[in-house]
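Residue numbers (this note's numbering), protein chains in the order written: chain A, 65 to 182; chain B, 61 to 199; chain C, 26 to 271. Remarks on the structure that follows.
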Amino acid sequence: MPKQRIEPILWLLFSAGGIVAALMIPVLLLLFGVLFPLELVAPPDHAHLLAVVRNPLTRLVLFGTCVLALFHWAHRFKYTLYDGLQLKGLHTAINTFSYGGALLGSAVAGYLLLLLPV
Amino acid sequence: MSDTTATTRVRNQPRPYRRRVPILWWVRRRSYLLFVAREVSSVFVAWFVVFLLLLIRAVLAGDDAYQRFLDWTANPFLLALNVVALLFVLLHAVTWFNLAPQAMVVKVRGRRLPPLLIAAAHFGAWAVVSAVVAWIVLG
Amino acid sequence: MAKSITMQVARYRPDREAEPTMQSYDVPLRKDWAILDGLNHIKDELDGTLSYRWSCRMGICGSCGMTVNGEPKLTCATFLTDYAPGPVRVEPMRNFPVVRDLVVDIGDFMAKLSVVQPWIIRKDEEPPDGEYLQTPAELEDYKQFSMCINCMLCYSACPIYGLNEHFLGPAAIALAQRYNLDSRDQGSADRMDALSASTGVWDCTYVGECSTACPKNVDPAGAIQRYKLTAASETLKAFFMPRGGR
């Protein structure tokens with residue numbers, strides 16, 4: 065019975081995370097992970113980025129992105145281990161690692177983006 | 061009489077053959093391999109969250125920390141990791157937007173919108189969001 | 026065009042061997058011959074002991090599904106010339122227990138079909154005078170999912186079903202959707218338990234191979250994803266409006 069009620073919620077989180085990750089991550093990873101380090105595009109100066117990060121809307125959007133992306137990972141990774149490596153027997157450990165990790169990451173994101181006085 | 065029938069039935073019962081599924085079942089077909097790659101992309105999604113949080117922590121800590129972070133991203137191993145991550149994240153985005161229309165039935169005035177239109181709308185939204193984010197970041 | 030093509034056919038005789046073996050036959054390579062015609066030639070002319078299922082030979086009965094060169098196919102709709110010069114490998118459908126040669130045990134699938142209650146469920150006991158009326162638009166809502174011929178190629182293609190035989194599976198879920206989306210049906214709530222159980226839609230990870238394999242373009246993968254959304258919104262509704270829900 066519990067599985068029927070939690071699973072749809074986890075799937076919704078996975079789906080929302082999938083959309084958000086697909087929309088937001090490619091451009092950010094392209095900029096900060098590839099273009100800036102390779103000096104193909106000049107990185108923004110610190111003052112500008114600090115202003116962006118401090119903006120309440122940005123903080124909310126980034127927090128939402130982090131949380132949803134982490135829960136997207138948790139759900140998909142769990143099934144990758146179940147089906148790809150046939151580890152369904154270790155489901156307790158896998159669930160703890162996946163959703164526990166997502167909660168931990170969300171807490172860190174919350175601390176950095178919402179709680180740290182800026 | 062029913063006893064003999066039962067024993068006869070058991071004796072003639074075929075022994076069905078069940079093939080065991082190998083651990084690497086997904087390397088045998090290109091479509092399965094693509095599927096597993098798509099699933100593995102979630103790991104790089106999680107990596108990005110870690111990377112993003114490190115960036116934000118550096119920005120909040122001050123200009124020095126931010127510069128050190130930028131230098132760190134130029135490290136060859138990290139750069140290679142992020143290139144690979146970018147490829148996987150792109151795989152995720154493209155497969156996601158291509159599959160979304162099949163899961164959604166949107167009706168306008170009683171007629172179902174063609175799936176191609178829904179997919180195009182997703183890709184369009186992706187382009188817009190990317191442009192807006194890039195504009196905000198680059199300032 | 027060459028005169029003949031080699032067909033490598035899986036044989037399994039449980040009374041004689043522990044595992045399937047392959048046996049090669051040379052059949053005439055005729056332009057209009059399907060794999061099924063090749064098998065019929067083998068049985069009629071070369072080796073009468075070969076066992077396999079077939080019936081309509083025109084892609085509507087769903088009997089002749091097999092694995093051809095590793096792909097799930099209807100053998101009546103797959104042509105020998107597509108595999109020339111050959112050899113072409115014909116094996117039983119994957120993910121089902123093999124009873125003999127190319128014949129698989131479909132009992133699990135038959136049981137699952139009835140689990141989803143594939144009939145019109147109505148609350149009222151009295152049928153109307155004449156038939157239930159339905160507009161063309163209402164027909165369109167479920168028509169695609171009604172095209173299933175129960176050939177089981179989708180189960181054969183589904184890696185999740187291969188790993189876990191308890192998974193309800195593509196065709197059964199698409200069939201449930203065929204009724205859920207039918208305007209004449211009032212039984213969505215009755216089907217929800219089977220569909221939203223842990224072995225229902227939630228086992229599916231949208232590999233999508235079922236829809237690729239389907240010879241009738243039913244798109245069971247789409248049916249499953251749509252139901253996930255339905256089940257998820259029902260769960261949220263029940264959570265936020267417990268009395269207004271189901």
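Ideal Cβ placement from N, Cα and C applies to all residues, glycine included.
Do the CB positions of residue i and residue j come within less than 9 Å of each other?
i               : j               : result
F121 of chain C : Y180 of chain C : yes
A171 of chain A : A133 of chain A : no
P174 of chain B : Q162 of chain B : no
F127 of chain A : L115 of chain B : no
L75 of chain C  : I85 of chain C  : no
M285 of chain C : M135 of chain C : Because chain C spans 26 through 271 in this model, residue 285 of chain C falls outside it and cannot be assessed.
F108 of chain B : A118 of chain B : no
V131 of chain A : V189 of chain B : no
V100 of chain B : T144 of chain A : yes
L177 of chain A : R123 of chain A : yes
V34 of chain C  : P76 of chain B  : no
From residue i to residue j, what does the alpha carbon distance come to, in whole angstroms?
i               : j               : result
D40 of chain C  : V81 of chain B  : 24 Å
G132 of chain C : S139 of chain C : 11 Å
D130 of chain C : R78 of chain C  : 11 Å
G247 of chain C : L113 of chain A : 42 Å
V243 of chain C : F161 of chain A : 38 Å
P152 of chain C : R78 of chain B  : 47 Å
L84 of chain B  : R147 of chain C : 47 Å
S79 of chain A  : Y163 of chain A : 15 Å
K137 of chain C : A238 of chain C : 19 Å
L188 of chain C : I174 of chain C : 24 Å
A182 of chain C : L168 of chain A : 38 Å
G153 of chain A : K142 of chain A : 12 Å
P46 of chain C  : S223 of chain C : The residue you asked about is not Pro; residue 46 of chain C is Thr in the sequence shown. Going from the Cα of T46 of chain C to the Cα of S223 of chain C covers about 37 Å.
M32 of chain C  : V128 of chain C : 17 Å
P21 of chain C  : T103 of chain C : This structure cannot speak to residue 21 of chain C, because chain C is shown only from 26 to 271.
I70 of chain A  : T260 of chain C : 9 Å
L198 of chain B : H191 of chain C : 52 Å
L220 of chain C : I249 of chain C : 9 Å
Y175 of chain A : L112 of chain B : 14 Å
Can you find a C-beta in chain A that's less than 9 Å from the C-beta of residue i?
i               : result
S102 of chain B : yes
S223 of chain C : yes
L193 of chain C : no
L177 of chain B : no
A182 of chain C : no
G199 of chain B : yes
E70 of chain C  : no
E259 of chain C : yes
V143 of chain B : yes
Quick one: does residue i have its CB under 9 Å from some CB of chain C?
i               : result
P76 of chain B  : yes
V165 of chain B : yes
F95 of chain B  : yes
L159 of chain B : yes
W195 of chain B : no
Y143 of chain A : yes
V81 of chain B  : yes
Y126 of chain B : no
L76 of chain A  : yes
R117 of chain B : no
Opposite residue i in the DSSP bridges: which residues?
i               : result
G90 of chain C  : C:L99
D51 of chain C  : C:T31
V115 of chain C : C:V34, C:V93
K167 of chain B : B:R172
A59 of chain C  : C:F104
R125 of chain C : C:V128
Y77 of chain B  : C:V123
Compare the C-beta of residue i against all C-beta atoms of chain B and say whether one is closer than 9 Å.
i               : result
A80 of chain A  : no
F229 of chain A : Because residue 229 of chain A is not part of the residues shown, which for chain A are 65 to 182, the question remains open.
T31 of chain C  : no
I73 of chain A  : no
A153 of chain A : In the sequence as displayed, the identity of residue 153 of chain A is Gly instead of Ala. So no, G153 of chain A is outside the interface.
Q68 of chain A  : no
I83 of chain A  : yes
T156 of chain A : no
P120 of chain A : no
Here's the rule: buried if 16 or more other CB atoms are within 10 angstroms of the residue's CB, otherwise exposed. What is residue i?
i               : result
A43 of chain C  : exposed
Y146 of chain A : buried
S80 of chain C  : exposed
Q202 of chain C : buried
K28 of chain C  : exposed
E116 of chain C : buried
I60 of chain C  : buried
I145 of chain C : exposed
M83 of chain C  : exposed
Q169 of chain C : buried
request  = Below 7 Å between beta carbons is the criterion; list the residues of the region 35-48 of chain C that meet it against any residue of chain F, in chain order.
outcome  = This model lacks chain F altogether; the protein chains it does include are A, B and C.
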